[in-house]
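Below: the structure, in structure tokens.
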Amino acid sequence: MEAGKIGYISKTAQESVREHLRDVMERYKLPSLPVVVTKVLITLRDPDFSVRQLSRIISDDAALAGRTLAISRSPRYAQRRQPRSVHDAILVLGFHTLRNIVMAAAAQSFLSRTNKVAERLWRHSLAAALAARMLSERSGIADPEVAFLAGLLHDVGEIVLLNGDPRGFEEMVEEVRRDHGSLVIKEREKYAFDHASIGLALLDFWDIDSQIGQATYWHHYDGDSIDADSLVSILRMADCLCFKVDLGFFSEPPPPTAQMTHVFGCEDAESLEALSQEVRKAFDEENQLFASA
Numbered sequence: 033m034e035a036g037k038i039g040y041i042s043k044t045a046q047e048s049v050r051e052h053l054r055d056v057m058e059r060y061k062l063p064s065l066p067v068v069v070t071k072v073l074i075t076l077r078d079p080d081f082s083v084r085q086l087s088r089i090i091s092d093d094a095a096l097a098g099r100t101l102a103i104s105r106s107p108r109y110a111q112r113r114q115p116r117s118v119h120d121a122i123l124v125l126g127f128h129t130l131r132n133i134v135m136a137a138a139a140q141s142f143l144s145r146t147n148k149v150a151e152r153l154w155r156h157s158l159a160a161a162l163a164a165r166m167l168s169e170r171s172g173i174a175d176p177e178v179a180f181l182a183g184l185l186h187d188v189g190e191i192v193l194l195n196g197d198p199r200g201f202e203e204m205v206e207e208v209r210r211d212h213g214s215l216v217i218k219e220r221e222k223y224a225f226d227h228a229s230i231g232l233a234l235l236d237f238w239d240i241d242s243q244i245g246q247a248t249y250w251h252h253y254d255g256d257s258i259d260a261d262s263l264v265s266i267l268r269m270a271d272c273l274c275f276k277v278d279l280g281f282f283s284e285p286p287p288p289t290a291q292m293t294h295v296f297g298c299e300d301a302e303s304l305e306a307l308s309q310e311v312r313k314a315f316d317e318e319n320q321l322f323a324s325a
């Protein structure tokens, strides 16, 4: 893991979490990644793939095709001539961004419940992804698109808990919101595992980059031994920024260390507030794009 001082989760602990995840998936039929997402990820791993192949796969899914086009036409990727086809959109976006778009589509598909918990989780996941990319660009830590994906998926374990025990999870979240408690502690009390542990197992099951899984596992670690120049610190800082602008997931995250605020250039209250508002603005713009298809 990048946060070199705190090390990896042990193989024994990781296998125990995997067993719990398998049990949840068998009991509650949690789906694997959507077929179109799996096809895109497999194609991107093929050294001989072509843009034409990718565009055909994405064009078979109207919602994903529409979202890909909408994002490629956004101000972030401003072009003199806006893309008119999925093929052109892929060339504008690049393959890393395309991967993140299809993973965002997957996250949304798992959060199709029309209730405040699922909606809040999606909003937080997208906001954290945008914040993580922003922090990566500011600091030079990690590839910005890797940081985006880590932010998008850092709370993916919540999806497992929400799908596996909808009513119980929602009641627990309400209790945390009412009492200003710790969601992680409540999860451990109720399920014996927290969402970070389940997230690591699920990302491993999906064959997502191991550095993202490890960062996901450690992002709620409340200690001083996290390397400030790491993907974990990006996630910790992203959570903090999101919470400040009402884009957190109910429970207040551990505060960033002084080293983290120094690395990300927000050591005083004014600069921290300004950066938080940047995240809010980015979310308001991007959320419309993800909802447009």
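The sequence shown begins at 33 in our numbering and counts up by one. Beta carbons: idealized from backbone N, C-alpha and C, even for Gly.
**Request:** Within 10 angstroms of the Cβ of P285, are there 16 or more other Cβ atoms? Answer buried if so, exposed if not.
**Result:** For the purposes of this step, residue 285 is taken as the residue at position 253 of the sequence shown. P285 counts as buried, since at least 16 other C-beta atoms from the protein chains shown sit within 10 angstroms of its C-beta.
**Message:** Within a Cβ cutoff of 8 Å, which residues of the same chain sit near L125, ignoring the five residues on either side of it in sequence?
**Reply:** Against the sequence shown, residue 125 aligns to sequence position 93. So the qualifying residues of the chain are T100, I103, S104, Y109, I133.
**Item:** Nearest residue (CA-CA) to S262, options T248, F225, F275
**Value:** Position 230 of the sequence shown, counted from the start, is the residue given in the question as residue 262. Closest option to S262, Cα to Cα, is T248.
**Prompt:** Taking Cβ to Cβ, would you say L194 is nearer than 8 Å to V149?
**Reply:** Position 162 of the sequence shown, counted from the first residue, corresponds to residue 194. Position 117 of the sequence shown, counted from the first residue, corresponds to residue 149. With contacts defined as CB atoms closer than 8 Å, L194 and V149 qualify as a contacting pair.
**Message:** On the CB-based measure, 16 or more other CB atoms within 10 Å of its CB, does S308 come out buried or exposed?
**Reply:** Numbered from its first residue, the sequence shown carries residue 308 at position 276. Label assigned to S308: buried.
**Prompt:** When the Cα of S157 is compared with those of M135, R170, L185, which residue comes out closest?
**Reply:** The residue given as residue 157 occupies position 125 in the sequence shown. Comparing Cα-Cα distances from S157 to each of M135, R170, L185, the minimum goes to L185.
**Item:** Buried or exposed by the 16-neighbour rule on C-beta atoms within 10 Å, applied to Q246
**Value:** For the purposes of this step, residue 246 is taken as residue 214 along the sequence shown, with counting starting at 1. Per the 10 Å Cβ criterion, buried.
**Message:** At the level of alpha carbons, what is the spacing between A97 and D211?
**Reply:** Position 65 of the sequence shown, counted from the first residue, corresponds to residue 97. Position 179 of the sequence shown, counted from the first residue, corresponds to residue 211. Between A97 and D211, the C-alpha separation is close to 43 Å.
**Item:** G245 - containing alpha helix (DSSP H), residue span
**Value:** Locating residue 245 in the sequence shown gives position 213, where the first residue counts as 1. Looking at the DSSP string, the run of the alpha helix (DSSP H) that includes G245 is 242-250.
**Length of the line joining the Cα atoms of F81 and F127** = Within the sequence shown, numbered from 1, the residue matching residue 81 stands at position 49. Within the sequence shown, numbered from 1, the residue matching residue 127 stands at position 95. C-alpha separation (whole angstroms): 11 Å.
**Message:** Taking 6 Å as the limit between beta carbons, can you name the residues of its chain near C298, skipping five residues before and five after?
**Reply:** Within the sequence shown, numbered from 1, the residue matching residue 298 stands at position 266. Excluding positions up to five away in sequence, the list reads L304, L307.
**Item:** Residues near V208 in its chain [Cβ-Cβ closer than 6 Å; skip 5 each side]
**Value:** As a working mapping, residue 208 is identified with position 176 in the sequence shown. Cβ within range, chain order: L215, K218, F282, S283.
**Prompt:** Going by C-alpha distance, which of Q243, N147, I90 is nearest R131?
**Reply:** As a first step, residue 131 must be located in the sequence shown, where it is residue number 99. The option with the nearest alpha carbon to R131 is I90.
**Request:** Measure the Cβ-Cβ separation of L321 and S106 and say whether it is below 8 Å.
**Result:** In the sequence shown, the residue the question calls residue 321 occupies position 289. In the sequence shown, the residue the question calls residue 106 occupies position 74. Closer than 8 Å, so yes.
**Message:** Are the CB atoms of A314 and L153 within a distance shorter than 8 Å?
**Reply:** In the sequence shown, the residue the question calls residue 153 occupies position 121. In the sequence shown, the residue the question calls residue 314 occupies position 282. Not closer than 8 Å, so no.
**Prompt:** What span of residues does the alpha helix (DSSP H) with G196 cover, start to end?
**Reply:** By 1-based counting over the sequence shown, the position of residue 196 is 164. Run containing G196: 188-196, per the alpha helix (DSSP H) assignment.
**Prompt:** Roughly how many angstroms lie between the CA atoms of A160 and V69, to the nearest whole one?
**Reply:** Position 128 of the sequence shown holds residue 160. Position 37 of the sequence shown holds residue 69. One C-alpha to the other measures close to 21 Å.
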